[in-house]
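Student: Line order of the protein sequences matches chains A and B.
All letters in the first sequence, in the order written, are residues 42 to 266 by my numbering.
All letters in the second sequence, in the order written, are residues 417 to 732 by my numbering.
Please read through the structure below; I'll follow up with questions.
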Amino acid sequence: MLSLIGIAVVVLGFMARLNPLLVVTAAALVTGLAGGMGPVEVVATFGKAFKENRYVSVVWVVLPVIGLLERAGLQERAKTLIGGIHAATTGRLLLLYFVFRQITAALGLTSLGGHAQMVRPLIAPMAEAAAESHHGPLPEEARQTVRAHAAAADNIALFFGEDIFIAIASILLIKGFLAQNGILVEPLQLSVWAIPTAICALLIHGTQMMLFDRHLARRIAEGRR
Amino acid sequence: MIGLEVLYVVAGVFFVAIAGLSARDKTNPKRWKNTTFWGLFAVSFLFGSHLPDVVNGLVVLAMVLTAGVFGLGRGAPATTGPEERRASAARLGSRLFLPALAIPFTALTGTFLFKRPQLAGIVDPKQATLVSLILGVFVALAMAMPMLGARPNVPMQEGRRLLDTVGWAAILPQMLAALGAVFAAAGVGTAIGKLASAWLPAGSEFAAVAAYTFGMAIFTMIMGNAFAAFPVMTAGIGLPLIVQRFGGNPAIMGAVGMLSGFCGTLMTPMAANFNIVPAALLELSDRNAVIKAQIPTALLLLLANTVLMYVLVFRS
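Encoded structure:
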């Protein structure tokens, strides 16, 4: 039970808004020591796990391309493209991206999106341009909300699309865990039951996106008064 | 065979370049801290597989001290201003999208091609997508650099400009994955499972379902990862109560249970690569802005999952 102290460290550290790197490291050290490891063993366990998870950070190698294209006006071009389409509102645009992302994720094409490759260079500037073409120049606070929603659309569509694909990691994890407990299920039996939630996600977040345009208009109007 | 080790060398060389460019940037008041931080990250990528675990751990601790205590700065590499960008965008038009779209396109094509028997053996099939994604970066650079007449150091400087906006958050997802491993080694999961089963109301089907779906979401928020929560909650609540006591369908329980965990992922800073990193990448002043945008959908969807599981799991 002592090992649960690490969770308290994480929760308190995030609440106190300390630097997350320090919070996570402190939580790892405290948990390891409370769980009965020696100091050297804790550092070694943490170091080994950090090394084994390097693949998580490989994706930063995309930044030079994105930066190079930004330098040449990629975001401006994305904005011009959307600004010229009057029917494109922020909500509709994000909903369209949401549907595209959810369908492609459901087909196993999870790499057709992402924050570094798609949201920063293309989707967020397009969403901003759509807002600007309807409301004029955006106050900084509204601009930030639009960007946050662009990131949210990518996350939610990905999470509640990918489980429809039978070979995704989470489906294999569920199958593996049930098999350990003597229950055999096929991946397809699991992935079909991801469909009702995927539909709910589309309805719930789609409604949010359609209401977002009105919400944005109201916020901007209030800000100007 | 091209697998993770090759990618680690590519990433290592990238971070060596970032460290080198940071060292030469006199506009950054904290340039030596940035150099140390990215230099140590490069060491981890290039030599991590050959170093003893303790040394890897010390490298991480040194990175955390550099960024968390002394803080990183932001360089100001020469880039273009808004006017130049508008002019360039007008001149190049939609051709600019081609290199950007080449990355996902290559990732996609490679994922399928490298799994074909004729090409098997070139790329580690387990890492086909990640290898193809990085291959896409090189394809995109090969398209963009002649188009823009850019010299080789330009993409690296631009990469550094973006990496500096992300800062220390760039390693947070990897740190949290490592924390998860320490939690697992120290038995945190089992302790939570015991707590969950001790506190649970035993009588009603609905209470069991709600405890499972909300438990998945809450434990995922704590661990930052639904994959870590799933075995604990399913062993603690899902299997003994929903399946064994009330005769629920295990496939439906598993599928909807995992998706309830994903609702938790949307609401926690611990899921750094989905919530904290994009906030940094999009230069949002509020670190939790993405989480705030997601909370309404996440809560409604958690309720929907609870109802779905209750309606479906006992009736098929």
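The beta-carbon is built from N, C-alpha and C at its ideal position, and this holds for glycine as well.
These numbers come from a predicted model, not from an experiment.
Skipping 5 residues on each side, what residues in its chain have a beta carbon closer than 8 Å to that of F253 (chain A)?
Tutor: The residue you call residue 253 (chain A) lines up with position 212 of the first sequence. Closer than 8 Å at the Cβ level, and outside the excluded window around F253 (chain A), lie T131, G132, L135 and H190.
Student: Taking C-beta pairs closer than 7 Å, name the residues in chain B that M42 (chain A) reaches, listed in chain order.
Tutor: The sequence position of residue 42 (chain A) within the first sequence is 1, counting from 1. Per Cβ cutoff of 7 Å: A607.
Student: With distances taken from CA atoms, which of B:G464, B:P647 and B:L611 is nearest V218 (chain A)?
Tutor: Counting from 1 along the first sequence, the entry for residue 218 (chain A) is found at position 177. The sequence shown places Phe at residue 218 (chain A), not Val. It is B:P647 whose Cα lies nearest to the Cα of F218 (chain A).
Student: For I550 (chain B), go through chain A and note every residue whose CB falls closer than 7 Å to its CB, in chain order.
Tutor: Within the second sequence, residue 550 (chain B) is the residue found at index 134, counting from 1. Those within 7 Å of I550 (chain B) in chain A are V99 and V102.
Student: Smallest Cα separation from M250 (chain A): which of B:V729, B:T713, B:I634 and B:V693?
Tutor: For this step, residue 250 (chain A) is matched to residue 209 along the first sequence. The residue with the shortest Cα to Cα distance from M250 (chain A) is B:T713.
Student: Would you mind telling me which residues of chain B sit closer than 9 Å to F55 (chain A), beta carbon to beta carbon, in chain order?
Tutor: Working through the first sequence from its first residue, we reach residue 55 (chain A) at position 14. Those within 9 Å of F55 (chain A) in chain B are T684, P685 and M686.
Student: By alpha-carbon positions, which one of B:N689, B:I707 and B:R501 ends up nearest to A586 (chain B)?
Tutor: Against the second sequence, residue 586 (chain B) aligns to sequence position 170. Residue B:N689 is the option with its Cα nearest to A586 (chain B).
Student: So M674 (chain B) contacts chain A; which residues on that side make the cut at Cβ distance below 9 Å?
Tutor: Position 258 of the second sequence holds residue 674 (chain B). The contacting residues are D204, S211, I212, L214, I215, L231 and A235.
Student: If we define contact as Cβ-Cβ less than 9 Å, is H175 (chain A) a contact residue for chain B?
Tutor: For this step, residue 175 (chain A) is matched to residue 134 along the first sequence. Not closer than 9 Å to any Cβ of chain B, the Cβ of H175 (chain A) fails to qualify, so no.
Student: Give every residue of the same chain whose Cβ lies closer than 6 Å to the Cβ of A75 (chain A), excluding the five residues on either side of it in the sequence, and list them in chain order.
Tutor: Here residue 75 (chain A) is taken as the residue at index 34 of the first sequence, counted from 1. The residues are L43, S44 and I46.
Student: Note down the Cα distance separating V187 (chain A) from A165 (chain A), rounded to an integer number of angstroms.
Tutor: Your numbering for residue 187 (chain A) matches position 146 in the first sequence. Your numbering for residue 165 (chain A) matches position 124 in the first sequence. Each residue's Cα considered, the two are about 7 Å apart.
Student: By Cβ distance, which residues of its chain are closer than 8 Å to M417 (chain B), with the 5 residues on each side in sequence left out?
Tutor: Start at 1 with the first residue of the second sequence, and residue 417 (chain B) comes out as number 1. G537, I538, V539 and D540.
Student: Taking only three categories from DSSP, how would you classify V539 (chain B)?
Tutor: What you label residue 539 (chain B) is simply residue 123 of the second sequence in a count that begins at 1. Here V539 (chain B) sits in strand by DSSP.
Student: By Cβ distance below 6 Å, which residues in the same chain neighbour G652 (chain B) in space, the five residues on each side in sequence not counted?
Tutor: For the purposes of this step, residue 652 (chain B) is identified with residue 236 of the second sequence, where counting begins at 1. If we look at G652 (chain B) and ignore the five residues flanking it on each side, its Cβ neighbours are G609, A612 and S613.
Student: Just to confirm, are G73 (chain A) and A671 (chain B) a CB contact at a threshold of 9 Å?
Tutor: Residue mapping note: residue 73 (chain A) aligns to position 32 of the first sequence, counting from 1. Residue mapping note: residue 671 (chain B) aligns to position 255 of the second sequence, counting from 1. Contact flag unset, no.
Student: For I261 (chain A) and E182 (chain A), what's the separation of their Cα atoms in angstroms?
Tutor: For the purposes of this step, residue 261 (chain A) is taken as residue 220 along the first sequence, with counting starting at 1. For the purposes of this step, residue 182 (chain A) is taken as residue 141 along the first sequence, with counting starting at 1. Approximately 9 Å between the Cα atoms of the pair.
Student: Are the CB atoms of A516 (chain B) and L549 (chain B) nearer to each other than 9 Å?
Tutor: Taking the first residue of the second sequence as 1, we reach residue 516 (chain B) at position 100. Taking the first residue of the second sequence as 1, we reach residue 549 (chain B) at position 133. Contact: no.
Student: Is A129 (chain A) close to chain B, meaning its C-beta is less than 9 Å from at least one C-beta of that chain?
Tutor: Along the first sequence, one-based indexing puts residue 129 (chain A) at 88. Taking Cβ atoms only, chain B never reaches closer than 9 Å to A129 (chain A), which makes this a no.
Student: Below 7 Å between beta carbons is the criterion; list the residues of the segment 649-669 of chain B that meet it against any residue of chain A, in chain order.
Tutor: For the segment 649-669 of chain B, which is checked against every Cβ of chain A, the residues closer than 7 Å are T650, L655, P666, A667 and I668.
Student: If you measure beta-carbon to beta-carbon, which residues of the segment 509-542 of chain B are closer than 8 Å to chain A?
Tutor: Within the segment 509-542 of chain B, the qualifying residues are G509, S510, L512, F513, P515, A516, I519, P520, A523, L524 and T527.
Student: Strictly below 9 Å CB to CB, what residues from chain A border Y424 (chain B)?
Tutor: Stepping through the second sequence from its first residue, residue 424 (chain B) is reached at position 8. Ordered by position in chain A, the residues that pass the 9 Å Cβ test against Y424 (chain B) are R95, Y96 and V99.
Student: Can you find the residues in the same chain that come closer than 8 Å, C-beta to C-beta, to P445 (chain B), ignoring five residues on each side of it along the sequence?
Tutor: Here residue 445 (chain B) corresponds to residue number 29 of the second sequence, with the count starting at 1. Excluding residues within five positions, the ones whose Cβ falls inside 8 Å are G489.
Student: For a quick check, are the C-beta atoms of R161 (chain A) and L697 (chain B) less than 9 Å apart?
Tutor: Here the question's residue 161 (chain A) lines up with position 120 in the first sequence. Here the question's residue 697 (chain B) lines up with position 281 in the second sequence. In this structure, L697 (chain B) lies closer than 9 Å to R161 (chain A) by Cβ.
Student: Quick one: grab the DSSP three-state call for I224 (chain A).
Tutor: Walking along the first sequence from the start, residue 224 (chain A) turns up at place 183. Coil at I224 (chain A), not helix or strand.
Student: Bridge partners of I418 (chain B), per DSSP?
Tutor: Start at 1 with the first residue of the second sequence, and residue 418 (chain B) comes out as number 2. DSSP lists B:V539 as partners of I418 (chain B).
Student: For the alpha helix (DSSP H) containing S504 (chain B), name the first residue and the last one.
Tutor: Translated into positions along the second sequence, residue 504 (chain B) becomes position 88. P498 to L508 is the extent of the alpha helix (DSSP H) around S504 (chain B).
Student: Specify, as a first and last residue, the run of the alpha helix (DSSP H) that K120 (chain A) falls within.
Tutor: Sequence index remark: in the first sequence, residue 120 (chain A) carries index 79 (1-based). That run of the alpha helix (DSSP H) goes L115 to G124.
Student: Does M159 (chain A) pass the burial test, meaning 16 or more other C-beta atoms within 10 Å, or should it be called exposed?
Tutor: Translated into the one-based positions of the first sequence, residue 159 (chain A) becomes position 118. Looking at its Cβ environment, which holds 16 or more other Cβ atoms inside 10 Å, M159 (chain A) is buried.
Student: Put A439 (chain B) into one of helix, strand or coil per three-state DSSP.
Tutor: On the second sequence, position 23 is the one that residue 439 (chain B) refers to. In this structure, A439 (chain B) counts as helix in the three-state DSSP scheme.
Student: Can you give the Cα-Cα distance for M725 (chain B) and I126 (chain A), rounded to whole angstroms?
Tutor: Working through the second sequence from its first residue, we reach residue 725 (chain B) at position 309. Working through the first sequence from its first residue, we reach residue 126 (chain A) at position 85. Distance between the alpha carbons of M725 (chain B) and I126 (chain A) is about 42 Å.
Student: Please state whether DSSP places T451 (chain B) in a helix, a strand or coil.
Tutor: The residue you call residue 451 (chain B) lines up with position 35 of the second sequence. Note: T451 (chain B) maps to helix in three-state DSSP.
Student: Ends of the alpha helix (DSSP H) at I46 (chain A)?
Tutor: Within the first sequence, numbered from 1, the residue matching residue 46 (chain A) stands at position 5. Taken as a continuous stretch (DSSP letters only), the alpha helix (DSSP H) holding I46 (chain A) covers I46 to M56.
Student: Which chain B residues are close to V140 (chain A), counting only those with a beta carbon under 8 Å from its beta carbon?
Tutor: In the first sequence, residue 140 (chain A) corresponds to position 99, counting from 1. Correct list: empty, because the minimum Cβ distance to chain B is about 15 Å.
Student: Where do the N-terminal and C-terminal ends of the alpha helix (DSSP H) with Q710 (chain B) fall, by residue?
Tutor: Reading the second sequence from its first residue, position 294 is the one you call residue 710 (chain B). Counting along the chain, the alpha helix (DSSP H) containing Q710 (chain B) begins and ends at A705 to V729.
Student: With 9 Å set as the bound, which would you pick, yes or no: does the beta-carbon of D441 (chain B) sit closer than that to a beta-carbon of chain A?
Tutor: Within the second sequence, the letter at position 25 stands for residue 441 (chain B). So no, D441 (chain B) is outside the interface.
Student: In terms of residues, what are the limits of the alpha helix (DSSP H) holding A193 (chain A)?
Tutor: Within the first sequence, residue 193 (chain A) is the residue found at index 152, counting from 1. E181 to E203 is the span of the alpha helix (DSSP H), which, as asked, contains A193 (chain A).
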